[in-house]
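Worksheet: one structure, shown below.
Number of protein chains: 2
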Amino acid sequence: MTAEMFPKEKTIDLRKKHIGPSCKVFFSHDPIKIVRAKGQYMYDENGVRYLDCINNVAHVGHSHPMVVKAGAEQMELLNTNSRFLHDNLVQYAQRLQATLPEKLSVCYFVNSGSEANDLALRLAWEYTGHKDVITLDNAYHGHVSSLINISPYKFHQLANAEQSKSVHVALSPDLYRGNYRQDHPDPATAYADDVNNLIQKAHEKGHKVAAFIAESLQSCGGQVIPPAGYFQKVAQHVHRAGGLFIADEVQVGFGRVGTHFWAFQLQGEDFVPDIVTMGKPIGNGHPMSCVVTTREVAEAFKNSGMEYFNTFGGNPVSCAIGLAVLDVIEKEDLQGNALRVGGYLTRLLEQQKEKHPLVGDVRGRGLFVGAELVRDRVKLTPATAEAQDIIYKLKEQHILLSADGPHRNVLKFKPPMCFSEEDADMVVEKIDQILTDIEKALGLQMPSTVHTENGSRKRNICGHRRFNLRKTDVIIQME
Amino acid sequence: MTAEMFPKEKTIDLRKKHIGPSCKVFFSHDPIKIVRAKGQYMYDENGVRYLDCINNVAHVGHSHPMVVKAGAEQMELLNTNSRFLHDNLVQYAQRLQATLPEKLSVCYFVNSGSEANDLALRLAWEYTGHKDVITLDNAYHGHVSSLINISPYKFHQLANAEQSKSVHVALSPDLYRGNYRQDHPDPATAYADDVNNLIQKAHEKGHKVAAFIAESLQSCGGQVIPPAGYFQKVAQHVHRAGGLFIADEVQVGFGRVGTHFWAFQLQGEDFVPDIVTMGKPIGNGHPMSCVVTTREVAEAFKNSGMEYFNTFGGNPVSCAIGLAVLDVIEKEDLQGNALRVGGYLTRLLEQQKEKHPLVGDVRGRGLFVGAELVRDRVKLTPATAEAQDIIYKLKEQHILLSADGPHRNVLKFKPPMCFSEEDADMVVEKIDQILTDIEKALGLQMPSTVHTENGSRKRNICGHRRFNLRKTDVIIQME
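Just so you know, the sequences run in chain order D and L. Numbering-wise, the first sequence is residues 5 to 483 according to this note's numbering. Numbering-wise, the second sequence is residues 5 to 483 according to this note's numbering.
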């Protein structure tokens, strides 16, 4: 066990004294002190082990020895800026490019997802000469001022929120709670048309659209998975208006979705964004990130006449760490693990949906999974307090999970990619127990089931009216 | 010697292919490939040693073993976000605070000087409820979009520069080339009055000023040292308008100025900024930075209702590295070294000024030193080409120096803090030779000298008319 510098109370006191009070801790009434971590496990000052289901930054597992070794060895040798030639920089750019469609060939290395998204906006503004940005409702793109402006997840929190006139908020393509749902004949087109309407309205005001930006899968927004084909249709509208498509992969890239290395690839091979931004998992916790774009956009940015220099971006240590992360993903087949274990976890959660009325929706791709809790499956009343209760009770049982989304009622799974089926079993078993207790206290019951003609079970209450509309959907949802 | 991954030509080719063309290399016609570094020396792929006179990021010396060890050991143990309690975070905040005036007690940890300055603006906007920002001419505050807006050094580079209506550019308090010079009876008041005029003009337009931001010593702007008392007077004007004073220490903090730990302290003990931003040297190359402010500003920011979360900011590895940097500064008395060696270097350069007509001004504090080259000491015609020539010729002799400022004619010394008197001797000796050659080629000659009444030498030509106005200034400049 690692020696502490201060007893926990002293740590809390010093934090209150010296750390900005806007910087929140998890479980504020009884925060956790973590002193070491390995794989998908974190350990507190007393050696108590926590299962980490939320840390998508520790992508290949906490303190992975190959990543640590790469970082330490390069630190010992050289850590300087990218105005000098270095092989790590170009090798890493080459390796990243190999994971992407060919036309995404030019990299800019920066230090955080926020720096990446801000640079993506600068690229779009410069390339198009336009100013306006279309973003999705509930989106989160970062903490620097330009990104607060395009992050409804953040600016909705402000008492005196004033939305920038050059920012337009499109409907979140949420098939569970959004305007167009599972029962809609073509939600991809309907949601893309909403983007097009915003473009037309902007044009009517004499504005021009520089970019549409979206997380390839919305994370803070509630683990939202847009319908396939949506991005293609949006890109058509945005390109027609002279704008660019920015895919924000900060939370969901690097193999997490299991079937693909990048989450935007879930939309189909015919979709290629103009700019991709990366972040959190890229360095397994090391502060680094990247923007990748096309040669055309990069040349336009250069032609503005302004040099781009980022003091720390692309330094040899960051690149060595980035290379090691790619190596570990390959060597340990973590993308494959995300597919297998993510699928297993999703199936376990779907069983919970069959059993527990509070579980309204389960959705996921690989190790990016959400379970949305509702008090009523027709009205979709968010079960916010219940979600918080689960998170706190799990914490008492040494499992770290979070609830997010606009109503903070979506249990959000995005664990280190070495997460195992046993880990999935354990967390879902605990959730099962907690849900049983909560539902008992609330007097909530699952209605009796009937069997459908093909043998799958179907709920037979008004609370499930939506599901009865399209039988195939029901079956997919229930299995 | 370290094995290369690619031959240099291949590195260059890959860089052209995969790295944004706005990202420039030093010495673009024959860039340097650096494979390792130690202390104030960098080594290329052939083992050739370069003396580093420019790398203020490698503050305690390249690859300092204590810093490397601290980073490697903490990486092995834990690297996670600040939503968990950790002693490194609070200990580091406490240590930083101890270097600052007491009222600067609340820290926000971020990943780069750019993130720090953007957050400083957000704090000021939220605290004051005002929008406008006053910045200095030639200032550089970072690369994210909000900072390009307040960085004339950058936005002057744009072909289609359009200055934001909420940004006001004040005169740079440059005593050599600015509006009010050495011969002005009270340049501090005169430059501060210019800020006040901008405030009044903003008020006339119905605008309100949120902040005045300045590097404590302008670096990219040409190693400008504002007259003592200037910041106090500016702060009075800005506070009266309800705004905050942001001191940007990204380039100049952490003991570089020799006499003080922070460069704003050069203004006198009666001056305390409302916000201080840190960056480059803070982690000796590791991507990290910090914003420190008062309890009042921090509470106002919290009261906006918006959480501040920075994924990588304040992680245990960054804090371990930050702590090690502070330890090394203390243990090796690097602030004392900056004072001694910086003073020695400045004196050597002042001797060059006596000898070489091209050296128009030498100014410095500790290991932050500038030598401004001019073709004419009255007209102050910038010797831009000559400065570039010197930089290139030094590079051929394996010395890394840069030229900066609005005319790129200021030789800019900001070496690792372990720089020695022998290093200073070597670089100045080479500069002496190069200046001699250039001046010979140009037919430039130093006029004959006369002795002043107190025995110090004084130039006796019209080119020195300015210096004759105030005898004490002349003597200080010449010694």
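By construction, the Cβ of each residue, glycine as well, lies at the ideal position given by its N, Cα and C atoms. Just so you know, these numbers come straight off a predicted model, no measurement behind them.
Against chain D, does residue i count as a neighbour if the rule is that its beta carbon must be under 8 angstroms from one of theirs?
i        : result
L/Arg53  : no
L/Ala245 : no
L/Asn59  : yes
L/Glu303 : yes
L/Pro410 : no
L/Lys397 : no
L/Ala342 : no
L/Pro103 : The amino acid at residue 103 of chain L is misidentified as Pro; the sequence shows Thr. With 8 angstroms as the cut-off, L/Thr103 does not count as an interface residue toward chain D.
L/Cys224 : no
L/Asn314 : yes
L/Lys169 : no
Nearest by alpha-carbon distance to residue i: which of the options is it?
i        : options                                : result
D/Asn142 : D/Arg126, D/His172, D/Ala120           : D/His172
D/Glu80  : L/Leu82, L/Met70, L/Leu81, L/Arg87     : L/Met70
D/Arg244 : D/Gln222, D/Ala232, D/Phe216           : D/Phe216
L/Arg181 : L/Val301, L/Glu49, L/Gly226, L/Leu352  : L/Gly226
D/Ser168 : D/His211, D/Leu377, D/Lys14, D/Arg381  : D/His211
D/Ala41  : D/Asp408, D/Gly24, D/Val61             : D/Val61
L/Ser32  : D/Glu354, D/Ile395, D/Val72, D/Leu89   : D/Leu89
L/Met421 : L/Ser26, L/Arg344, L/Val378, L/Gln271  : L/Arg344
L/Ala258 : L/Ala375, L/Gly283, L/Phe305, L/Ile250 : Sequence check: residue 258 of chain L is Phe here, not Ala. Among L/Ala375, L/Gly283, L/Phe305, L/Ile250, the Cα nearest to that of L/Phe258 is on L/Gly283.
L/Leu415 : L/Asp441, L/Thr388, L/Asp429, L/Gly247 : L/Thr388
With 8 angstroms as the threshold, decide whether the Cβ of residue i is near any Cβ in chain L.
i        : result
D/Asn115 : yes
D/Arg185 : no
D/Tyr234 : no
D/Met310 : yes
D/Tyr112 : yes
D/Ser220 : no
D/Asn85  : yes
D/Pro35  : yes
D/Ser109 : yes
D/Val280 : no
D/Gly43  : no
D/Glu15  : The displayed chain sequence assigns Thr, not Glu, to residue 15 of chain D. Yes, D/Thr15 counts as interfacial toward chain L.
D/Val64  : no
D/Ile38  : yes
D/His145 : no
Using DSSP with H/G/I as helix, E/B as strand and the rest coil, what is residue i?
i        : result
D/Tyr312 : coil
L/Cys323 : helix
L/Lys418 : coil
L/Pro361 : coil
L/Thr139 : strand
D/Lys14  : helix
L/Gln161 : coil
D/Leu404 : strand
L/Leu439 : helix
D/Ile23  : strand
D/His134 : coil
L/His172 : strand
L/Glu390 : helix
L/Met9   : coil
D/Arg369 : strand
D/Glu376 : strand
L/Met430 : helix
D/Ile38  : strand
L/Tyr47  : strand
D/Asp56  : strand
D/Leu398 : helix
D/Ser32  : coil
Rounded to the nearest angstrom, how far is the Cβ of residue i from that of residue j, given a contact under 8 angstroms?
i        : j        : result
D/Gly43  : D/Val321 : No, D/Gly43 and D/Val321 are not in contact; Cβ-Cβ is about 23 angstroms, not under 8 angstroms.
L/Phe404 : L/Asp178 : Note that residue 404 of chain L is Leu in the sequence shown, not Phe. At roughly 25 angstroms, the Cβ-Cβ gap does not stay under 8 angstroms, so L/Leu404 and L/Asp178 are not in contact.
D/Ser308 : D/Ala267 : That pair is no contact at about 30 angstroms.
* **Within the stretch 286-312 of chain D, ranges of the beta strand (DSSP E) (whole runs, at least 3 residues)** => Fully enclosed beta strand (DSSP E) runs of 3 or longer: 293-297.
* Mind pulling the beta strand (DSSP E) runs of 3 or more residues that sit fully within the stretch 239-289 of chain D? -> For the stretch 239-289 of chain D, whole beta strand (DSSP E) runs of length 3 or above, ordered along the chain, are 248-252, 279-282.
* Asked: What beta strand (DSSP E) runs, 3 residues minimum, are completely inside the stretch 58-125 of chain D?
  -> Within the stretch 58-125 of chain D, the complete beta strand (DSSP E) segments of 3 residues or longer fall at 110-114, listed in chain order.
* Entirely within the stretch 197-243 of chain D and at least 3 residues each: give me those beta strand (DSSP E) ranges in chain order. => Within the stretch 197-243 of chain D, the complete beta strand (DSSP E) runs of at least 3 residues are 213-219.
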